[in-house]
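Participant: The structure under discussion is supplied below as structure tokens; questions concerning it will follow.
Number of protein chains: 2
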Amino acid sequence: MKDTRWLSEIELDAWMAYVAATHLLERRVEEQLKADSGLTHAQYEILAKLSASPERRMRMTELARKVVVSKSGLTYQIGQLEKLGLVERTTCPSDERGVLAVLTDEGVRCLERTAPGHVAVVRAFLIDQLTPEELQAMARIMSKAAAVMTAAPGHSTEAPARRRGTGRRTAPG
Amino acid sequence: MKDTRWLSEIELDAWMAYVAATHLLERRVEEQLKADSGLTHAQYEILAKLSASPERRMRMTELARKVVVSKSGLTYQIGQLEKLGLVERTTCPSDERGVLAVLTDEGVRCLERTAPGHVAVVRAFLIDQLTPEELQAMARIMSKAAAVMTAAPGHSTEAPARRRGTGRRTAPG
DNA sequence: AGGGTGTAGTTCAAATTCGAACAACTAGAA
DNA sequence: TTCTAGTTGTTCGAATTTGAACTACACCCT
């Protein structure tokens with residue numbers, strides 16, 4: 001853990017701009033969704049994933065993995081969406097413990113009603129700012145990063161990961 | 001607000017990968033910081049901004065703007081960091097209402113102790129995944145986006161924005 | 001000077017998120 | 001079959017974040 005490779009100027013620029021842009025964009029998206037449909041970004045993402053899924057339904061754990069949220073976080077939001085009548089819970093036919101989150105017709109309508117405004121914000125502040133080359137680069141960069149993080153071990157949302165062999169996880173304070 | 005320009009396949013790819021990567025990265029960063037130093041990412045960002053500031057101090061409002069967090073959110077976190085002895089509050093000499101957040105020596109040490117592990121994560125999952133061209137592209141893209149969002153009106157953190165002329169803000173439910 | 005408008009930070013209640021603990025069920029080995 | 005380990009989803013408490021309301025102060029105009 002010695003002689004750290006610090007970030008070069010360009011690397012630091014890229015990182016700091018990324019962090020700032022991410023927070024700013026999240027604010028904008030959140031603002032637009034709340035004003036336009038009362039949804040949060042997390043809720044919109046859930047509806048979108050369900051909408052793109054076969055039969056418009058998905059197992060809780062898989063959905064949590066796709067939207068990158070904790071299992072308990074998903075339980076909470078599905079509860080909210082259920083109250084709103086946008087999603088229903090069904091017990092999984094093949095697995096008695098399983099729960100399927102199903103997008104309702106009302107959910108589909110809500111999504112269709114909400115999507116245009118959402119896309120407009122994403123375009124205005126990000127997509128439409130980019131040249132075709134930059135768009136390609138962005139897709140490549142983010143896909144690569146996502147792939148690496150999905151592959152690498154260490155998710156807290158994952159299995160308890162009983163320690164074997166060299167269990168060097170949580171360092172001293 | 002009709003005939004929406006939907007996202008093309010590449011645009012959708014870029015956006016979805018971006019959203020996923022962002023959440024995944026936030027998880028990793030948060031995980032590492034908590035395990036290694038007990039700090040949250042928000043706290044780390046505050047310390048970092050203060051550290052890079054002249055005299056290692058900054059006005060609350062400016063700091064909130066730089067780390068892209070609400071004023072009340074910053075008040076809370078500065079309170080936490082004060083408890084930990086990493087930051088101190090000083091009344092601003094030039095403005096009686098103002099508060100200066102000042103990084104303490106302990107705060108500097110904490111940051112120096114924590115930075116290597118943090119940088120390692122940022123490198124491993126993002127920076128080191130990129131070619132030099134992609135790094136350049138990333139810096140350009142994110143700077144552009146951040147600039148646009150900083151310039152465009154509509155921050156809720158900003159002034160109350162008394163309505164004049166065409167006051168068409170919050171749409172009907 | 002006197003007033004009115006705007007700004008700086010904090011307080012407050014509500015919403016959301018996470019991780020750990022838990023209960024129910026599945027699946028592979030003995 | 002029976003036992004044991006692993007999964008699945010929920011519940012719980014704690015921490016964090018936000019926007020609105022509020023107090024104190026600063027600045028401009030007459």
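Chains as they are written, first to last, in UniProt numbering: chain U, 1 to 173; chain Y, 1 to 173.
Ideal placement from N, C-alpha and C gives every residue a C-beta, glycine not left out.
#1: Buried or exposed, going by whether 16 or more other CB atoms sit within 10 Å of the CB of residue 244 of chain Y?
#2: Check whether the Cβ atoms of Y/Leu-103 and Y/Ser-37 sit closer than 7 Å, and answer yes or no.
#3: Measure the C-alpha to C-alpha separation of U/Met-58 and U/Ser-72 and round it to an integer number of angstroms.
#4: Helix, strand or coil for U/Glu-62 per DSSP?
#5: Is U/Ala-152 helix, strand or coil when you go by DSSP?
#6: Which stretch, first to last residue, makes up the alpha helix (DSSP H) that contains Y/Ala-14?
#7: Residues of chain Y with a CB under 7 Å from the CB of U/Leu-126: which are they?
#8: Roughly how many angstroms lie between the CA atoms of Y/Gly-117 and Y/Gln-32, to the nearest whole one?
#9: Taking 7 Å as the CB-CB cut-off, is Y/Ala-20 touching chain U?
#10: Is the beta carbon of Y/Ala-101 closer than 7 Å to that of Y/Ile-78?
#11: Could you check which residue in U/Leu-63, U/Lys-2, U/Glu-9 has the C-alpha nearest to that of Y/Ala-20?
#12: Is the region 83-94 of chain U in contact with the region 6-17 of chain U, if contact means three or more CB pairs nearer than 8 Å?
#13: If you measure between the beta carbons of Y/Ala-137 and U/Glu-134, is that distance less than 7 Å?
#14: What's the C-alpha gap between Y/Gly-107 and Y/Gly-85?
#15: Take Y/Val-67 and list the residues in its own chain whose beta-carbon comes closer than 8 Å to its own, dropping the five residues that flank it on each side.
#16: Below 8 Å on the Cβ atoms is my guess for U/Leu-7 versus Y/Ile-127; work out the distance and round it to an integer in Å.
#17: Just to make sure I have the definition right: I need the residues of chain U whose C-beta is within less than 9 Å of the C-beta of Y/Thr-123. Which are they?
#18: Exposed or buried, which one is Y/Ile-141 when buried takes at least 16 other CB atoms within 10 Å?
#19: How many Å lie between U/Leu-39 and U/Tyr-76 at the Cα?
#20: Between the Cα of Y/Glu-9 and those of U/Arg-109, U/Glu-55, U/Gly-154, U/Pro-132, spot the shortest distance and give me the residue it belongs to.
#21: State the CB to CB distance for the pair Y/Thr-150 and U/Leu-24, rounded to an integer number of angstroms; the pair is presumed to be in contact (CB under 8 Å).
Facilitator: Based on what the coordinates show:
#1: Nothing can be reported for residue 244 of chain Y, as the shown portion of chain Y is limited to 1 through 173.
#2: Mapped onto the second sequence, residue 103 of chain Y falls at position 103. Mapped onto the second sequence, residue 37 of chain Y falls at position 37. Cβ distance not < 7 Å, so Y/Leu-103 and Y/Ser-37 don't count as in contact.
#3: Here the question's residue 58 of chain U lines up with position 58 in the first sequence. Here the question's residue 72 of chain U lines up with position 72 in the first sequence. Approximately 16 Å between the Cα atoms of the pair.
#4: Numbered from 1 along the first sequence, position 62 holds the residue referred to as residue 62 of chain U. Correct three-state label for U/Glu-62: helix.
#5: Translated into positions along the first sequence, residue 152 of chain U becomes position 152. Secondary structure of U/Ala-152 (DSSP, three-state): coil.
#6: Position 14 of the second sequence, counted from the start, is the residue given in the question as residue 14 of chain Y. First-last of the alpha helix (DSSP H) with Y/Ala-14: 9-37.
#7: For the purposes of this step, residue 126 of chain U is taken as the residue at position 126 of the first sequence. Neighbours of U/Leu-126 on chain Y, chain order: Ala-145.
#8: Here residue 117 of chain Y is taken as the residue at index 117 of the second sequence, counted from 1. Here residue 32 of chain Y is taken as the residue at index 32 of the second sequence, counted from 1. Distance between the alpha carbons of Y/Gly-117 and Y/Gln-32 is about 7 Å.
#9: As a working mapping, residue 20 of chain Y is identified with position 20 in the second sequence. Chain U, which has a Cβ nearer than 7 Å to the Cβ of Y/Ala-20, makes this yes.
#10: The count along the second sequence starts at 1 and reaches residue 78 of chain Y at position 78. The count along the second sequence starts at 1 and reaches residue 101 of chain Y at position 101. Cβ atoms of Y/Ile-78 and Y/Ala-101: closer than 7 Å.
#11: The sequence position of residue 20 of chain Y within the second sequence is 20, counting from 1. Comparing Cα positions, the closest option is U/Leu-63.
#12: Result no; under three Cβ-Cβ pairs closer than 8 Å.
#13: The residue you call residue 137 of chain Y lines up with position 137 of the second sequence. The residue you call residue 134 of chain U lines up with position 134 of the first sequence. The answer is yes: Cβ separation under 7 Å.
#14: Numbered from its first residue, the second sequence carries residue 107 of chain Y at position 107. Numbered from its first residue, the second sequence carries residue 85 of chain Y at position 85. Between Y/Gly-107 and Y/Gly-85, the C-alpha separation is close to 7 Å.
#15: The sequence position of residue 67 of chain Y within the second sequence is 67, counting from 1. Contacts found: Ala-42, Glu-45, Ile-46, Lys-49, Leu-74.
#16: Numbered from 1 along the first sequence, position 7 holds the residue referred to as residue 7 of chain U. Numbered from 1 along the second sequence, position 127 holds the residue referred to as residue 127 of chain Y. Rounded, the Cβ-Cβ distance is 7 Å, consistent with contact.
#17: Locating residue 123 of chain Y in the second sequence gives position 123, counting from the first residue. Looking at the sequence itself, residue 123 of chain Y is Arg, so the reference to Thr does not match. Ordered by position in chain U, the residues that pass the 9 Å Cβ test against Y/Arg-123 are Arg-5, Leu-7, Glu-11.
#18: On the second sequence, residue 141 of chain Y is found 141 positions in, with the first residue counted as 1. By the 10 Å Cβ count, Y/Ile-141 comes out buried.
#19: Reading the first sequence from its first residue, position 39 is the one you call residue 39 of chain U. Reading the first sequence from its first residue, position 76 is the one you call residue 76 of chain U. The straight-line gap from Cα to Cα measures roughly 14 Å.
#20: Residue 9 of chain Y sits at position 9 when you count from the first residue of the second sequence. The option with the nearest alpha carbon to Y/Glu-9 is U/Pro-132.
#21: Start at 1 with the first residue of the second sequence, and residue 150 of chain Y comes out as number 150. Start at 1 with the first residue of the first sequence, and residue 24 of chain U comes out as number 24. Contact holds; Cβ gap of about 7 Å.
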